[in-house]
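Undergrad:
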Amino acid sequence: MNLLLRRLLGMIPTLAGVVIATFILTRLIPGDPAVFFTSNPTADAATVQAIREKLGLAEPLWKQFFIYVGQLLHGDLGNSITTGQPVARDMLRLLPASAELTFVAFALAVGIALPLGIAAALRPGSFVDHVSRLVSTAGVSLPTFVSGLLLIYFLYYLAGWAPEPIGRLDPFAIAPPTVTGFLLVDTLAAGDGAGFVSALRQLVLPSVTMAIFALAPLARMTRASMLGVLHSDFIRTARANGLGWRKIVFTYALRNAMLPIVTTLGLVFSYMLGANVLVERVFAWPGVGSYALNALLSLDYAPVQGFMLVMAAIFVLVNLLVDIAYTLLDPRAALLHHA
Amino acid sequence: MRERLALARYVLTENPVNLAALLLLAILLFSALLGPALVPYDPLATNTAIALNPPSAAHWFGTDQLGRDIFSRVVVATRIDLAIAFGAVLLSLSIGAMIGAAMGYFGGMLDRVGGRIVDVLMAFPLFALAMGVVAALGNSVSSVVYATAVINLPFYVRLARAEVSVRRGLGYVEAARIGGSSNLRILRVFLLPNILPTLVVQASVNLGWAVLNAAGLSFIGLGVRAPTPEWGIMVAEGAQFILSGRWWLAAFPGAALMLAVFCFNLLGDGLRDIVDPRSRT
Amino acid sequence: MSATAALLAIEDLTVTFRTRAGTVHALEGVSFAIAEGEILGIVGESGSGKSVTAYGILGLLDAAARVASGRVMFGGRDLLRLSQAQLSDLRGREISIVFQNPRTALNPIRPIGLQIADVIARHDPGPAATIREKVLAVLRQVRIPDPERRLAAVPYELSGGMCQRVGIAMALACAPRLLLADEPTTGLDVTTQAVIMDLVRDSVHQRGMSAVFITHDLALASEYCDRIVVMHAGHVVEDAPVRALFAQPRHPYTAKLLASVPSAVESVDALSPIDGALPDLRRDDLPACRFSERCERRRAACDEGPIRPAPCGPDHRVACKVPL
Chain A
1 MNLLLRRLLG MIPTLAGVVI ATFILTRLIP GDPAVFFTSN PTADAATVQA
51 IREKLGLAEP LWKQFFIYVG QLLHGDLGNS ITTGQPVARD MLRLLPASAE
101 LTFVAFALAV GIALPLGIAA ALRPGSFVDH VSRLVSTAGV SLPTFVSGLL
151 LIYFLYYLAG WAPEPIGRLD PFAIAPPTVT GFLLVDTLAA GDGAGFVSAL
201 RQLVLPSVTM AIFALAPLAR MTRASMLGVL HSDFIRTARA NGLGWRKIVF
251 TYALRNAMLP IVTTLGLVFS YMLGANVLVE RVFAWPGVGS YALNALLSLD
301 YAPVQGFMLV MAAIFVLVNL LVDIAYTLLD PRAALLHHA
Chain B
1001 MRERLALARY VLTENPVNLA ALLLLAILLF SALLGPALVP YDPLATNTAI
1051 ALNPPSAAHW FGTDQLGRDI FSRVVVATRI DLAIAFGAVL LSLSIGAMIG
1101 AAMGYFGGML DRVGGRIVDV LMAFPLFALA MGVVAALGNS VSSVVYATAV
1151 INLPFYVRLA RAEVSVRRGL GYVEAARIGG SSNLRILRVF LLPNILPTLV
1201 VQASVNLGWA VLNAAGLSFI GLGVRAPTPE WGIMVAEGAQ FILSGRWWLA
1251 AFPGAALMLA VFCFNLLGDG LRDIVDPRSR T
Chain C
2001 MSATAALLAI EDLTVTFRTR AGTVHALEGV SFAIAEGEIL GIVGESGSGK
2051 SVTAYGILGL LDAAARVASG RVMFGGRDLL RLSQAQLSDL RGREISIVFQ
2101 NPRTALNPIR PIGLQIADVI ARHDPGPAAT IREKVLAVLR QVRIPDPERR
2151 LAAVPYELSG GMCQRVGIAM ALACAPRLLL ADEPTTGLDV TTQAVIMDLV
2201 RDSVHQRGMS AVFITHDLAL ASEYCDRIVV MHAGHVVEDA PVRALFAQPR
2251 HPYTAKLLAS VPSAVESVDA LSPIDGALPD LRRDDLPACR FSERCERRRA
2301 ACDEGPIRPA PCGPDHRVAC KVPL
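Residue numbers (my numbering), protein chains in the order written: chain A, 1 to 339; chain B, 1001 to 1281; chain C, 2001 to 2324.
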């Protein structure tokens, strides 16, 4: 518990840095910052002036910063010119789409990479080992958007298995009432079997695309870490005491090999947060990534800033979870200070 | 030196893949340097009459929606893609090395503050950060170079810092200090040259990553603009045609991209095997 | 010693290792036996094949190892012919081993109580409460104070000596008939060494077990072992009760070994190192007696192999054509 508190406190400087960085960014962007916070590019001078005063743009920079932080704490991320809505509301609406995609892709990547890496480590030089090495090398070389397009070409255009990549539901389906924003959950909650299937089918191609890139480092790290641990003295002791195969591989080897794997899991998840933008572009997925991107290309900057803030905050949170996982896995980690 | 060369020869012959990678690199560099002068068609010349033609004898990679020869465009694009990647990595490496070395050497406040800044930088997912940089600096090629450089910066800072921390207590540094060398001189003459090999290895591994980042950014519309031939843009333009089965617009630039990244990854691994065989996976 | 009284009998064991640098002839024609209730010491320089022999008994050799010939008879079965499943049943239950480097030999992040319980649960399953009692009992046996509190301790929190006691506890947990101890005291300070060895000896005597104590420390061997097998470069060169060996070594190598131990001589000037070095075991042209190239007593007969230990006194065997 004490440790949890310490970790939470450790998050604060980084979060503070993130806020400062995005603040600097808003002031660096060419143009009048007040304009971000209007909802209408043709707002008249009086409105703009009012906003300018609210933002305290006439004040010294440090005071502006405090006003900025105050706004953040109120959940005010500015307004999007293109949608006319507060950025915070837009992001809340669109976040579940990105989150659902990321979670499914993550689960897919872990579900394939971990067993693959373990199997490869247990049987060096075997077919499984070669497959694992191929996945690791090829996976890193394939750009996410290229693999996405390849999948669309082969599985949608040629084979006709995958549905048309136009978003989260096929055009004839009716969206279920929003409970969580996660279509897989909402369709089930509404008892909408057909909707569930449709949502699942639409998820396949984009999540596989994202998972492919994550597979490589995960499989490689799992294999390397397991191999290293399997050669340790304590594994030899376990064998010498006659312990069963399953016990040795899972309780002794895997548990001890998890540390670097968990680090890679954190890295992979954070990469996925970023790769969202690409995949959402390829598959016309209505998530926060495409939202921010469209805004950027239209010179609508408030959403971009909101996107950066939210993504960074999520990443810091994920890091915290990784840290906690560390200390649970390896009691020695508790003694080490954050580098 | 001779043993390094012998080791290099061993690494090349032991794994034929390394040789293939070198060959690929040669092809890439050739395309980048001499490509524009040797391609059969003007990469910018449009000819709507032959638009969207599949690969043929006249047009090896087919033509795009404006009738431009894709083969010529792919070859010419090599120059700009490699230039962005190399530029970004060079920038990252030099600035990162200096900052990291200073942090590792002087320690104290500089180290703590620097560490925090690096943490903050790493907290922003790749593309989010790149988008932010492009927003601030405008949508141009140089922004993309800076954005890619910023994304990669933390790795070099951390590596340089670690390497210098390890070396700063070593004998020859102490001797230099006692001999009256200034800190700057010690950093410049003794430390930086010694950590360079490790950093260069990291850079070669990073180059593939940098190419991917740059292409990804252009894919989403940042940096390079049409009609400039660049692999990312070409894939983006070709993406819409995949749905109607015209695969060649996106496939060839995509393949070029893959080959380039693959080549750099292999080279990076090979280089690492030569410089530090212990870290082979 | 008659074969019928032997608990474990190794007959003509020959082991090679395939490496990138060639085939290493690690063991050749190794034969000796361990009686019930006996503490056997195996002594020799580093690289003499002591650990390889121990690992060979339990089938723990590296994947690169090849057992070219030989038998390891235990309980009427040849251990080298057992399946993996049978071996797994045997290890920890009938024959146990304690390793060098107690810290790395234990799982660094798993509480020691659980590690010992794992071994007990494997060979002697039962309700958790019973297993816990057994764990506590064996911890008390190795004289770890306050065992209830120590159950949750993790190896990195414990001293080297404590870790080794845990290692011994794990080995004794299922009351094996034979304990192999591969340099269990190397790396520990002298006081702890004595304590550990006393522990091993007392456990062995109390339970009527046998033990094999592998070491390069002759002084320790002389103090705790009943018999000693001297190994050199993969060969057994001498095999005798401890008094006889020290009083009258018959093999030139044994004599030199004894003369090079500080405690055996009165002054440093009298110390005599052994000339030369161990032969490179990767050679294909290894001589019949692997000590002959360093030996002053070498004759033509020494090149006619194989040279196997032959009786030269009551219960005393030596592998030498020109014994002392």
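The beta-carbon is built from N, C-alpha and C at its ideal position, and this holds for glycine as well.
(1) Going along the region 234-246 of chain A in order, which residues come within less than 9 Å of chain C, judged by CB to CB distance?
(2) Closest to C/Met2197 by CA distance: which of C/Pro2184, C/Ile2109, C/Ala2301, C/Arg2207 is it?
(3) Whole-angstrom Cβ separation of C/Arg2064 and C/Arg2110, contact assumed at under 8 Å?
(4) In the DSSP assignment, the alpha helix (DSSP H) including A/Met91 goes from what residue to what residue?
(5) Quick one: give me the first and last residue of the beta strand (DSSP E) that C/Met2073 is part of.
(6) Check whether the Cβ atoms of C/Arg2308 and C/Gly2049 sit closer than 7 Å, and answer yes or no.
(7) To the nearest angstrom, report how far apart C/Thr2014 and C/Asp2303 are at their CA atoms.
(8) Does A/Val316 come within less than 7 Å of chain B when only Cβ atoms are used?
(9) Please classify A/Ser232: does DSSP put it in a helix, a strand, or coil?
(10) Cβ closer than 9 Å: which chain B residues qualify as neighbours of A/Ala312?
(11) Could you tell me which residues DSSP puts in a beta bridge with C/Ile2274?
(12) Report the partner residues of B/Asp1069 according to the DSSP bridge assignment.
(13) Check for me: the beta strand (DSSP E) holding B/Ala1128 runs from which residue to which?
(14) Taking Cβ to Cβ, would you say C/Ile2228 is nearer than 7 Å to C/Ala2221?
(15) From what residue to what residue does the alpha helix (DSSP H) around C/Ser2096 run?
(16) Using a threshold of 7 Å, state whether the C-beta atoms of A/Thr264 and A/Leu218 are closer than that.
(17) When the cut-off is 7 Å and only beta carbons count, does A/His338 lie next to chain B?
(18) Find the residues of chain C that neighbour A/Asp330, judging by a C-beta separation of less than 9 Å, and give them in chain order.
(19) DSSP three-state label for C/Cys2295, please.
(20) Kindly indicate which three-state DSSP category B/Ala1226 falls into: helix, strand or coil?
(21) So, is the C-beta of B/Phe1262 closer than 7 Å to a C-beta in chain A?
(22) Can B/Val1039 and B/Val1075 be called in contact, C-beta distance under 7 Å?
(23) How long is the line joining the alpha carbons of A/Ile118 and B/Val1261, rounded to whole angstroms?
(24) With a threshold of 7 Å on Cβ separation, who are the neighbours of C/Ala2021 within its own chain once the five nearest residues in sequence on each side are excluded?
(25) When you compare the CB of B/Gly1169 with every CB in chain A, is at least one pair closer than 7 Å?
(26) Using DSSP with H/G/I as helix, E/B as strand and the rest coil, what is B/Arg1280?
(27) For A/His337, which three-state DSSP category applies?
(28) Determine which residues of the region 246-266 of chain A have a Cβ less than 8 Å from any Cβ of chain C, and write them out in chain order.
(29) Mind checking C/Ser2046: buried by the 16 CB within 10 Å criterion, or exposed?
(30) Have a look at A/Asp330, A/Leu329, A/Val318, A/Ala312 and flag the residue whose alpha-carbon is nearest the alpha-carbon of B/Val1120.
(31) Run down chain B in chain order and give the residues with a C-beta less than 8 Å from the C-beta of A/Ser298.
(32) Is the shortest distance between the beta-carbon of A/Tyr157 and the beta-carbons of chain B less than 7 Å?
(33) According to DSSP, is A/Phe172 part of a helix, a strand, or is it coil?
(34) Assuming B/Ala957 and B/Gly1115 form a contact by the criterion Cβ under 8 Å, report the distance between their Cβ atoms to the nearest whole angstrom.
(35) Specify whether the region 135-155 of chain A and the region 205-221 of chain A touch according to this definition: at least 3 beta carbon pairs, one from each stretch, less than 8 Å apart.
(36) Do A/Pro165 and A/Phe23 have their C-beta atoms within less than 7 Å of each other?
TA: Well, looking at it:
(1) Here the close residues are Phe234, Ile235, Arg236, Thr237, Ala238, Arg239, Ala240, Asn241, Gly242, Leu243, Gly244, Trp245.
(2) Looking up residue 2197 of chain C in the third sequence gives position 197. Comparing alpha-carbon positions, the option among C/Pro2184, C/Ile2109, C/Ala2301, C/Arg2207 lying closest to C/Met2197 turns out to be C/Pro2184.
(3) Counted from its first residue, the third sequence places residue 2064 of chain C at position 64. Counted from its first residue, the third sequence places residue 2110 of chain C at position 110. Reading off the sequence shown, one finds Ala at residue 2064 of chain C, where the question assumed Arg. Rounded to whole angstroms, the Cβ separation of C/Ala2064 and C/Arg2110 is 29 Å, and the two are not in contact under 8 Å.
(4) In the first sequence, counting from the first residue as 1, residue 91 of chain A sits at position 91. Per DSSP, A/Met91 belongs to the alpha helix (DSSP H) from 87-122.
(5) Within the third sequence, numbered from 1, the residue matching residue 2073 of chain C stands at position 73. Run containing C/Met2073: 2065-2074, per the beta strand (DSSP E) assignment.
(6) Indexing the third sequence from 1 puts residue 2308 of chain C at position 308. Indexing the third sequence from 1 puts residue 2049 of chain C at position 49. Contact: no.
(7) Counting from 1 along the third sequence, the entry for residue 2014 of chain C is found at position 14. Counting from 1 along the third sequence, the entry for residue 2303 of chain C is found at position 303. Cα to Cα, C/Thr2014 sits roughly 19 Å from C/Asp2303.
(8) Numbered from 1 along the first sequence, position 316 holds the residue referred to as residue 316 of chain A. For A/Val316, the answer is yes, since a Cβ of chain B falls inside 7 Å of its Cβ.
(9) Against the first sequence, residue 232 of chain A aligns to sequence position 232. Reduced to three states, the DSSP call for A/Ser232 is coil.
(10) As a first step, residue 312 of chain A is located in the first sequence; it is residue number 312 there, counting from the start. Those are Val1120, Ala1123, Phe1124, Pro1125, Ala1128, Leu1129, listed as they occur along chain B.
(11) Walking along the third sequence from the start, residue 2274 of chain C turns up at place 274. Beta-bridge pairing links C/Ile2274 to no other residue.
(12) The residue you call residue 1069 of chain B lines up with position 69 of the second sequence. According to DSSP, which records beta bridges pairwise, B/Asp1069 is partnered with B/Thr1063.
(13) On the second sequence, position 128 is the one that residue 1128 of chain B refers to. Taken as a continuous stretch (DSSP letters only), B/Ala1128 belongs to no beta strand (DSSP E), being part of the alpha helix (DSSP H) at 1126-1137.
(14) Reading the third sequence from its first residue, position 228 is the one you call residue 2228 of chain C. Reading the third sequence from its first residue, position 221 is the one you call residue 2221 of chain C. With contacts defined by Cβ atoms closer than 7 Å, C/Ile2228 and C/Ala2221 form a contacting pair.
(15) For the purposes of this step, residue 2096 of chain C is taken as the residue at position 96 of the third sequence. Careful: C/Ser2096 lies outside any alpha helix (DSSP H), inside the beta strand (DSSP E) at 2095-2098.
(16) The count along the first sequence starts at 1 and reaches residue 264 of chain A at position 264. The count along the first sequence starts at 1 and reaches residue 218 of chain A at position 218. Yes.
(17) For the purposes of this step, residue 338 of chain A is taken as residue 338 along the first sequence, with counting starting at 1. Note that A/His338 scores a pLDDT of 40, beneath 50, so its modelled location is shaky and nothing firm can be said.
(18) Translated into positions along the first sequence, residue 330 of chain A becomes position 330. Neighbours of A/Asp330 in chain C, taken as residues at a C-beta separation under 9 Å, are given in chain order as Pro2108, Ile2109.
(19) Sequence index remark: in the third sequence, residue 2295 of chain C carries index 295 (1-based). In the three-state DSSP reduction, C/Cys2295 falls in the coil class, being neither helix nor strand.
(20) Locating residue 1226 of chain B in the second sequence gives position 226, where the first residue counts as 1. Of the three classes helix, strand and coil, the one that applies to B/Ala1226 here is coil, per DSSP.
(21) Translated into the one-based positions of the second sequence, residue 1262 of chain B becomes position 262. Answer yes: the Cβ-Cβ gap between B/Phe1262 and chain A drops below 7 Å somewhere.
(22) Taking the first residue of the second sequence as position 1, residue 1039 of chain B is located at position 39. Taking the first residue of the second sequence as position 1, residue 1075 of chain B is located at position 75. Contact: yes.
(23) Residue 118 of chain A sits at position 118 when you count from the first residue of the first sequence. Residue 1261 of chain B sits at position 261 when you count from the first residue of the second sequence. Straight through space, the alpha carbons of B/Val1261 and A/Ile118 are spaced by roughly 27 Å.
(24) Here residue 2021 of chain C corresponds to residue number 21 of the third sequence, with the count starting at 1. The beta carbon of C/Ala2021 is closer than 7 Å to those of Arg2282 in its chain, skipping five residues each way along the sequence.
(25) Residue 1169 of chain B sits at position 169 when you count from the first residue of the second sequence. No, because no Cβ of chain A sits closer than 7 Å to the Cβ of B/Gly1169.
(26) For the purposes of this step, residue 1280 of chain B is taken as residue 280 along the second sequence, with counting starting at 1. Bear in mind that the predicted position of B/Arg1280 carries a pLDDT of just 49, short of 50, making it too unreliable to give a figure here.
(27) Here residue 337 of chain A refers to the residue found at position 337 when the first sequence is read from its first residue. Reliability of the predicted coordinates at A/His337 is poor, the pLDDT of 43 falling under 50, and the value obtained from them is presented with this limitation in mind. In the structure shown, A/His337 sits in coil (DSSP, three-state: anything other than H, G, I, E or B).
(28) Only those residues of the region 246-266 of chain A whose C-beta falls short of 8 Å from the nearest C-beta of chain C are listed: Lys247, Thr251, Tyr252, Arg255, Asn256.
(29) As a first step, residue 2046 of chain C must be located in the third sequence, where it is residue number 46. Exposed, by the Cβ-count rule.
(30) Counted from its first residue, the second sequence places residue 1120 of chain B at position 120. Looking at the Cα atoms, A/Ala312 is the closest of the given residues.
(31) Counting from 1 along the first sequence, the entry for residue 298 of chain A is found at position 298. Residues of chain B with a Cβ closer than 8 Å to the Cβ of A/Ser298 do not exist; the shortest Cβ-Cβ separation is about 11 Å.
(32) Counted from its first residue, the first sequence places residue 157 of chain A at position 157. Taking 7 Å as the threshold, the shortest C-beta distance from A/Tyr157 to chain B falls below it.
(33) For the purposes of this step, residue 172 of chain A is taken as the residue at position 172 of the first sequence. In the three-state DSSP reduction, A/Phe172 falls in the coil class, being neither helix nor strand.
(34) A query on residue 957 of chain B cannot be resolved here, the shown segment of chain B reaching from 1001 to 1281 and no further.
(35) At 8 Å Cβ cutoff, the stretches touch.
(36) What you label residue 165 of chain A is simply residue 165 of the first sequence in a count that begins at 1. What you label residue 23 of chain A is simply residue 23 of the first sequence in a count that begins at 1. Contact: no.
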